[in-house]
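Numbered per the UniProt record's numbering, the sequence shown spans residues 1 to 330. Ideal Cβ placement from N, Cα and C applies to all residues, glycine included. Inspection log for the structure reproduced underneath, given as structure tokens.
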Amino acid sequence: MKAAIYRAYGSADGVRIEDVPTPEPGPGEVRIRVRAASLNHADIYMLRGWPYMLRLQSGLWRPKNNGIGLDFAGEIEKLGEGVADLRPGDAVLGEMTTPFSGRTRTIAEYLCVPAVQAVKMPSALSFEEAAVLPLAGCTAMFAVHDFGGLRPGQRVLINGAGGGIGVHAVQLAKHAGAIVTAVCSGEKASMVRELGADRTIDYRREDFTAEDIRYDVMIDLVSSRSPEECRRVLASDGRFVWAGSMESSPVLGPLRPLLRMASASRGAPGQRWDTINRKTISADLMKLVELHAEGAFRPVIGLRYPLAEVADAIRHMETGHASGKIVIAI
Ligand SMILES: NC(=O)c1ccc[n+]([C@@H]2O[C@H](COP(=O)([O-])OP(=O)(O)OC[C@H]3O[C@@H](n4cnc5c(N)ncnc54)[C@H](OP(=O)(O)O)[C@@H]3O)[C@@H](O)[C@H]2O)c1
């Protein structure tokens, strides 16, 4: 089968489409004919081997697992021993939560995963739409509901609203009845408003931390402002939910803003400061699929690439200015 493969830590330039053996499902596993996969920043960190301490898990000198991709959507093609609740032909979506196993990853024609990691896909979704949901959709849901606890009428600010997580967080926040302020570049303002934002702030022109407004919940996907600056516009009993940063380095990866946040949040009585650090499980995906069926959101795909152009897709994601999700059609 064909799969996106990298043999050494580095950049997208080292990613090739190779012929590799088609994986066989072990006991409790299923083999999936992957139809679509989506990219996440985690794929880039694993490709680079950043932060370096990640290599204790992923392979010290060279990657133990040469595949790319965590999110997938496709059809069950073969069942391993003991799998009872899925059938060949079932359409499924999921996130590969054991990326350092010996298994090939999701940007490949075939994938083997434990059956519990494959959730049946509703027919209302296309494979490409389903493939964008697992990591980004669940992170958006965790941010809005589990950590943000957003209630009708509350004010929420979403920083990084035009990217893969942001476009879903905006919709979920609006569906929860919140008043949504979205921070994104001016070019994305009309898309983000169309998704439900009540107001957009172009971060290249305005500083949201300098305004005279207090937010009940702030969801930060980019760490463009320090925690001290953000605290100025967070209500005294508000919640700050941190998901990630566009800043990264070989030694600390995206951890520097996380450490900054952890220390700043200690001096904030009354406020709650959280980092999203949950692994997606199938129950989360089922809840997200239910929210989709209720009309809470629609999957937003910014760009589609064929398997042969996966390196270009990674380069685009690395710019930090993606619009919605990046999908690889397989
Ligand atoms: N904690 C978790 O479980 C978890 C899970 C998944 C991802 N993450 C992290 O969450 C972060 C966001 O992921 P993503 O998939 O949404 O990324 P993405 O698709 O690359 O989107 C990032 C967005 O941020 C915007 N942006 C860049 N600089 C900005 C700034 N200064 N102010 C406001 N917006 C800015 C970009 O668009 P424009 O600049 O063009 O507006 C882009 O739309 C990443 O750091 C990722 O590693 C965390």
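Closest option to V34, judged by alpha-carbon separation, among D43, V15, S126, P63: S126. Annotation: the stretch 282 to 329 contains the following complete segments of the beta strand (DSSP E) (minimum length 3 residues), in chain order: 301 to 306, 325 to 329. Separation of A3 and I68 (C-alpha to C-alpha, rounded to the nearest whole angstrom) is 8 Å. The C-beta distance from E95 to Q117 rounds to 7 Å, short enough to meet the 8 Å contact threshold. Short note on N277: C-beta closer than 7 Å to some heavy atom of ligand 1. Excluding the 5 residues flanking it on each side, F240 has same chain C-beta neighbours closer than 6 Å at M218, L234, W273, in chain order. With fewer than 16 neighbouring CB atoms inside 10 Å of its own CB, P27 falls in the exposed class.
Q57 counts as exposed, since fewer than 16 other C-beta atoms from the protein chains shown sit within 10 angstroms of its C-beta. Judged by the Cβ position, Y215 fails to qualify as a neighbour of ligand 1 at the 7 Å threshold, every heavy atom of the ligand being at least this far. The closest heavy atom of ligand 1 lies less than 7 Å from the beta carbon of A322. Residue pairing for K78: DSSP places it in a beta bridge opposite R31. Its Cα nearest to that of T98, the residue I281 stands out among E290, L79, I281. The stretch 165 to 176 makes no contact with the stretch 47 to 57; the number of CB pairs closer than 8 Å stays below 3.
Assignment of P114 by DSSP, reduced to helix, strand and coil, places it in the strand class.
Beta-bridge partners assigned by DSSP to G67: I5.
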